[in-house]
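Peer 1: In the numbering used here, the protein residues as written are 45 to 239.
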């Protein structure tokens, strides 16, 4: 495979295919934008595939309660077969371990696997072409996206901690008291055994 999968644009052409060292904030923004576009050209189809897989699972849930047991199981089996073949016939997998990781069912893992596949292809292409600065910048761009994803994960973790530590019985009692104060109807709460 002699030709590059991604052809560099504007600033990369000036230095024989590699990026010139950035000397201003505008140059940094330009390189960052070019690398972000290249990353999403690779990661976009992966994200689309994950969304389609999620859609087939959601499609099964739509029929729950509307079909009988036999019909619902037929729809579930057909969608499971479609999902299996859609992942089974993917011909181009960037890393050997990626094919093993694709067996995990969970969009949290799939997101990081997609980013891993996208960045490894970008870095491999740029290093193979002899463009070390372009490889370095593509890692930086992916690191920034990874930082944003890690921040979202931390926010979710903190939310779960707050939800776990909240005394929900006390909150319901306060809400009931306020409802009575403002003219609402009483809510009957069953006493629990310390749960």
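Where is the CB? At the ideal position from N, CA and C, for every residue including glycine. What you are looking at is a predicted structure, and each value in this text was computed from that prediction instead of being measured.
#1: Which residue's Cα is closest to the Cα of residue 71: 202, 211, 181?
#2: Between the C-alpha atoms of residue 57 and residue 101, what's the straight-line distance to the nearest angstrom?
#3: Taking Cβ positions, are residue 119 and residue 107 nearer each other than 8 Å?
#4: Determine the direct distance from the alpha carbon of residue 83 to that of residue 192, and round the result to whole angstroms.
#5: Report yes if the C-beta distance between residue 103 and residue 123 is below 8 Å; otherwise report no.
#6: Buried or exposed: where does residue 194 fall if 16 or more other Cβ atoms within 10 Å of its Cβ makes it buried?
#7: Counting only the same chain and skipping the five closest in sequence on each side, list residues whose C-beta sits under 7 Å from that of residue 148.
#8: Can the beta-carbon of residue 63 be found closer than 8 Å to that of residue 178?
#9: Report the CB separation of residue 240 from residue 89 in whole angstroms; it is logged as a contact under 8 Å.
#10: Using only the alpha-carbon positions, how far apart do residue 39 and residue 205 sit?
#11: Is it right to say residue 110 is buried, meaning 16 or more other beta carbons lie within 10 angstroms of its own, or is it exposed?
#12: When we look at the beta-carbon of residue 105 and count the other beta-carbons within 10 Å, is it buried (16 or more) or exposed?
#13: On the criterion of 16 or more Cβ atoms from any shown chain inside 10 Å, does residue 213 qualify as buried, or is it exposed?
#14: Hey, quick one: how far does the alpha helix (DSSP H) through residue 99 stretch, first residue to last?
#15: What does a CB cutoff of less than 7 Å around residue 171 pick up in its chain, not counting 5 residues either side in sequence?
#16: Rounded to the nearest angstrom, what separates residue 190 and residue 128 at their Cα positions?
#17: Roughly how many angstroms separate the alpha carbons of residue 96 and residue 87, rounded to a whole number?
Peer 2: A quick look at the data gives this:
#1: Per the Cα distances, 181.
#2: Summary for residue 57: the model assigns pLDDT 49, below 50, so the residue's position carries little reliability; its value from the coordinates is reported in the next sentence. Each residue's alpha carbon lies about 45 Å from the other.
#3: With a cutoff of 8 Å on beta-carbon distance, residue 119 and residue 107 are scored as near each other.
#4: Rounded to the nearest angstrom, the two C-alpha atoms are 15 Å apart.
#5: In contact: residue 103 and residue 123 (Cβ atoms closer than 8 Å).
#6: Exposed is the call here.
#7: Residue confidence is low: residue 148 scores 49 on pLDDT, short of 50, so the model does not pin down where it sits. Its coordinate-derived value is still stated next. Taken in chain order, the list of residues that qualify is empty.
#8: Residue 63 places its beta carbon less than 8 Å from that of residue 178.
#9: This structure leaves residue 240 out entirely; the chain is present only between 45 and 239.
#10: Only positions 45 to 239 of the chain appear in this structure, which leaves residue 39 out of reach.
#11: By the neighbour-count criterion, in which a residue is buried when 16 or more other Cβ atoms sit within 10 angstroms of its Cβ, residue 110 is exposed.
#12: Using a 10 angstroms sphere on the CB of residue 105, the tally of other CB atoms stays under 16, which defines it as exposed.
#13: Exposed.
#14: Here the alpha helix (DSSP H) through residue 99 covers 69-106.
#15: Residues 179 of the same chain have their beta carbon placed closer than 7 Å to that of residue 171, with the five preceding and five following residues left out of the count.
#16: The straight-line gap from Cα to Cα measures roughly 28 Å.
#17: Roughly 14 Å between the two C-alpha positions.
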